[in-house]
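Down below is the structure, laid out as structure tokens.
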Amino acid sequence: MERIQPQRTDGLAAPYFNGCREGELRLQHCAACGHWQFYPRPFCTACGADAPAWEVASGQGTIASFSVVRRALSDAYAAPYTVALIDLVEGPRMMSAIVDCDPAAVRVGAPVSVCFEQWSQDLSLPVFRLDEKGGEK
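If you read the sequence shown in our numbering, its first letter stands for residue 9, the second for the next number, and so on.
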């Protein structure tokens with residue numbers, strides 16, 4: 009069975025998706041107040057400044073919460089798999105999968121590092137691996 013494919017956009021989120029395709033986690037960063045944000049918006053959510061710049065993030069974070077999916081959405085997904093809320097060192101929180109580990113090894117507070125999973129020729133998405141040395145705030 010084929011995986012459900014997210015719709016790639018060429019709008020406001022294009023720099024994010026282009027970065028993922030190039031192996032970079034790009035986030036918006038406000039020059040006026042220094043705030044980092046995710047998901048993409050046309051203004052800074054902290055101070056309201058227009059057009060936050062896109063910058064490459066560290067890709068490091070910690071697990072804030074997680075869930076182990078034991079019954080997959082479809083046959084295209086191999087259960088069990090782990091979905092987590094990741095607190096990035098830059099500040100934003102994002103949801104992603106934790107890959108390349110036994111779900112029993114995942115813990116709240118565990119450091120993680122970004123890697124990218126290629127879904128199609130022009131679409132890669134960030135996923136995270138447990139990382140013994142990363143995730144420091």
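Backbone N, C-alpha and C fix where the C-beta goes; we use that ideal spot for every residue, glycine too.
Given the structure is predicted, the values throughout are model-derived calculations rather than measurements.
The continuous beta strand (DSSP E) containing G69 extends over residues Q68 to V77.
Between the segment 111 to 120 and the segment 46 to 62 there are fewer than three inter-stretch CB-CB distances shorter than 8 Å, so the stretches are not counted as touching. DSSP places C38 outside both helix and strand once states are collapsed to three, so it counts as coil. The shortest CA-to-CA distance from F136 to any of A118, D130 and Q129 is the one to A118. Taking the CA atoms as reference points, Y47 sits about 11 Å from H37.
For P134, the enclosing beta strand (DSSP E) stretches over residues L131 to L138. Judged by beta-carbon spacing, Q68 lies within the 9 Å limit of S121, meaning their Cβ atoms are closer than that value.
The three-state secondary structure of A84, taken from DSSP, is coil.
Judged by DSSP in its simplified three-state form, P50 adopts coil rather than helix or strand. For C123, the beta-bridge partners assigned by DSSP are V135. For R101, the uninterrupted beta strand (DSSP E) run begins and ends at R101 to I106, by DSSP.
With contacts defined as CB atoms closer than 9 Å, A72 and V91 fail to qualify as a contacting pair.
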